[in-house]
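Enquirer: Submitted below is the structure of interest, expressed as structure tokens.
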Amino acid sequence: MASTSTNVRKRKGFTLEQKIAIIEDTEKKTKTQSKICEEYSIARGSLHTILKDKDKIMSAYTQGLFSQNRKKMRRPETNDVDRALFTWFKDARSKNVPLSGPILVEKAKEFAERLGVTSFTGSTGWLDRFKSRHEIVMKRICGESAAVCQETIEGWKDTQLKKILEEFSPDDIFNADETGLFFKCLPNRTLALKGEQGTGGKIPKERITLKHLNPAQ
């Protein structure tokens with residue numbers, strides 16, 4: 001008859017949150033290790049590895065170095081830069097500041113210089129790994145929107161506008177249109193934590209108005 005351990009379905013990997021749960025269950029000592037292996041579908045050797053790395057796992061969890069859903073915990077060589085940037089990232093997003101990859105790289109370089117980390121380069125590969133570690137994704141910002149009532153416009157053109165134009169010579173009538181240059185407007189997409197709403201706040205009102213005129217004839 002096969003032993004209980006051979007009937008346990010082995011998992012390929014565990015998230016950081018699952019590893020914490022396994023460690024806590026083991027330390028409570030209310031269950032045997034065999035029972036824990038059975039409940040979590042984990043091989044006894046994998047359980048021993050998790051317990052051996054307990055301090056490293058707990059440190060990563062409490063310091064927020066990795067997403068709780070991440071399975072592999074390959075620590076970045078520039079831990080201090082990574083930690084400082086992620087703290088800044090969360091603060092910026094809490095204020096609805098739109099962020100992009102180049103902004104993160106420049107901010108990381110700034111932290112590296114402050115911390116004296118001379119090996120940091122801010123490469124594309126580093127940025128990809130940083131976003132993967134913290135489950136950061138690109139999202140479209142949900143902002144304000146407005147709609148124009150075309151029916152009202154057409155009604156005004158057919159009634160009021162015709163009466164106004166009768167008072168002018170054709171040479172004095174122009175088609176005019178205007179547009180606004182919002183010189184403080186930020187991008188309409190942002191990097192955000194997975195599961196976070198892509199909020200960017202209200203669009204700045206500062207603008208330069210440009211008007212175009214063309215003869216109506």
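Mind the numbering: the sequence shown is residues 1 to 217 in full-length UniProt numbering, read in order. Just so it is clear, CB atoms sit at the ideal spot from N, CA and C, and this is done for glycine as well.
(1) Since LEU191 and GLY101 should fall inside the 8 Å C-beta cutoff, what is the C-beta to C-beta distance between them, to a whole number of angstroms?
(2) Consult DSSP for ILE136 and reduce its assignment to one of helix, strand or coil.
(3) Measuring alpha carbon to alpha carbon, tell me which residue in LYS28, SER46, GLU24 is nearest PHE14.
(4) Of all the options ASP177, ARG133, LYS19, which has the alpha carbon lying nearest to the alpha carbon of ALA216?
(5) If I measure Cβ to Cβ from LYS35 and keep anything under 8 Å in the same chain, skipping five residues before and after, which residues do I get?
(6) Residues in the same chain with beta-carbon distance under 7 Å from ASP53, minus the five sequence neighbours each way, listed in chain order, please.
(7) When you compare only the Cα positions, how much space is there between LYS109 and THR118?
(8) In angstroms, rounded to a whole number, what distance separates the CA positions of SER41 and ILE22?
(9) If we ignore side chains and look at the alpha-carbon of each, how far apart do residue 218 and LYS139 end up?
(10) Using CA coordinates, which residue listed in ASP172, ASP82, GLN18 is at the minimum distance from GLU39?
Expert: So, to answer that:
(1) 7 Å
(2) strand
(3) SER46
(4) ASP177
(5) none
(6) none
(7) 10 Å
(8) 11 Å
(9) In this structure the chain extends from 1 to 217, so residue 218 is not present and cannot be described.
(10) GLN18
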